[in-house]
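The structure under discussion appears below in the form of structure tokens.
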Ligand code: GLY
Ligand code: MN
Ligand code: MN
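In my numbering, the protein residues as written are 18 to 455.
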């Protein structure tokens, strides 16, 4: 027997907010599918962020049909109780348990979805549903919507439109409530502490995989269920691959190590990158380039405030990094021209940051009506300038080959400016040198 791990009023409150925005329509959201890992074993399950956001329900094979202003309003379809299945994979709430524990008006077995949905779509002219995530469900929903549309056309009520809900739900998720900011803050604190554990464990001869293990242990000990995304532990030239996935190399003295990792706490994830020398001591080149990127990163963080835009921050990042590239003889020519021709992208091919929340690249539009959107209090974004010089890049100074540096913090926009949620994660050279290998 289990009981919900979260205060259910969080989820009913979110549905209420959604209801005000889509009144008269119906929102259908499904659980993430389960994926096979090997033979009959699944990957660890993680609920879809929107499904969790509006229900708090963590089981697969479930669907919420939300009909603001109608009766019944919130209807869930879930796995039925099944003693023999539960013997293998654990407790299921079943329809009764869901109705009792998850504050919904009705609950059915998932096998009843096709039978019940037509009734729930009666007299509805707009359905919010995201296509192309679960093709099997798409086919079922489309068939029923089509039937409902035919029924409506016979009574001259017009067609049914299907709308992608992610614009509306993204607008809710991008503005963190106090509770959400608290969860986000804790995820970031835990991630910062776990990075410190990795710094302490770093030494020549250790494998990237062992450091990954140190991070996992540290976040789980502190209450995280999992990582927020695939952890990157990249030594040497591996750090020049933006989303390096192998995590299997041995760290060697003389190399820099890039660790991009975040823990997921109550479905909110941190996203921190730190780069430092495996030996614990920056060599002169590493120190010079690192300090330049750190100065720029701090300048970008300090520029976060309401009314600022990510677009402007990106322009500042490009300008600062292009200066560094010219200074370090990675690029030659007039700065304006190098930017115009996007030459900087050879060594800085990504953006300055992204929204952060339940998804590492979180929901919410970046532009409104074609214009960069203004930052508002409650938004969380990453600031992560970087410089990457692959070992085989043509015509670059030899001492920069194989150097990949990214420094990433998570920033909450406040009424008056910003709060750096990852401030506890050291990034000054002296702090790093005193921690590595200790
Ligand atoms: N960890 C992925 C990113 O920084 O975007
Ligand atoms: Mn990031
Ligand atoms: Mn990252």
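The beta carbon of each residue, even a glycine, is placed where N, CA and C say it ideally should be.
Source: prediction; values computed, not measured.
Using only alpha-carbon positions, find the residue among the options that is nearest to residue i.
i: residue 50; options: 328, 403, 92 and 61; result: 61
i: residue 185; options: 381, 391 and 385; result: 381
i: residue 133; options: 339, 64 and 165; result: 165
i: residue 212; options: 436, 433, 432 and 425; result: 425
i: residue 241; options: 205, 339 and 410; result: 205
i: residue 387; options: 373, 349, 374 and 328; result: 328
i: residue 434; options: 359, 324 and 454; result: 324
i: residue 217; options: 300, 284, 274 and 200; result: 274
i: residue 421; options: 35, 306 and 269; result: 306
i: residue 44; options: 90, 59, 55 and 321; result: 90
i: residue 199; options: 188, 180, 284 and 265; result: 284
i: residue 452; options: 298, 371 and 437; result: 298
i: residue 343; options: 315, 356 and 267; result: 356
i: residue 17; options: 310, 393, 289 and 375; result: Nothing in the structure corresponds to residue 17, since the chain is present only between 18 and 455.
i: residue 445; options: 304, 187 and 25; result: 304
Have a look at residue i and residue j and give me their C-alpha separation to the nearest angstrom.
i: residue 33; j: residue 108; result: 29 Å
i: residue 293; j: residue 404; result: 14 Å
i: residue 253; j: residue 235; result: 24 Å
i: residue 400; j: residue 330; result: 9 Å
i: residue 277; j: residue 230; result: 14 Å
i: residue 249; j: residue 172; result: 57 Å
i: residue 443; j: residue 244; result: 20 Å
i: residue 121; j: residue 183; result: 22 Å
i: residue 239; j: residue 20; result: 21 Å
i: residue 102; j: residue 96; result: 10 Å
i: residue 124; j: residue 174; result: 29 Å
i: residue 83; j: residue 100; result: 29 Å
i: residue 441; j: residue 110; result: 40 Å
i: residue 66; j: residue 349; result: 45 Å
i: residue 366; j: residue 373; result: 20 Å
i: residue 409; j: residue 259; result: 16 Å
i: residue 326; j: residue 340; result: 21 Å
i: residue 137; j: residue 31; result: 21 Å
i: residue 114; j: residue 207; result: 33 Å
i: residue 362; j: residue 338; result: 10 Å
i: residue 448; j: residue 223; result: 21 Å
i: residue 162; j: residue 42; result: 13 Å
i: residue 53; j: residue 106; result: 14 Å
i: residue 454; j: residue 314; result: 25 Å
Taking the CB atoms as reference points, tell me whether residue i and residue j lie closer together than 8 Å.
i: residue 149; j: residue 155; result: yes
i: residue 203; j: residue 395; result: no
i: residue 286; j: residue 397; result: no
i: residue 177; j: residue 130; result: no
i: residue 72; j: residue 119; result: yes
i: residue 116; j: residue 94; result: no
i: residue 414; j: residue 345; result: yes
i: residue 68; j: residue 39; result: no
i: residue 255; j: residue 263; result: yes
i: residue 221; j: residue 269; result: yes
i: residue 302; j: residue 406; result: no
Return yes when the C-beta of residue i is under 7 Å from any heavy atom of ligand 4, and no when it is not.
i: residue 290; result: By its list of ligands, the structure shown excludes ligand 4, since it contains just ligand 1, ligand 2 and ligand 3.
*Around ligand 2, which residues pass a check of Cβ closer than 6 Å to any of its heavy atoms?*
Answer in sequence order: 288, 371, 399, 401 and 425.
*Entirely enclosed alpha helix (DSSP H) segments - the segment 199-270, minimum 4 residues*: Counting only runs of 4 or more, we get 225-238.
*Which residue spans inside the segment 334-402 form an unbroken beta strand (DSSP E) run of at least 3?*
Fully enclosed beta strand (DSSP E) runs of 3 or longer: 397-400.
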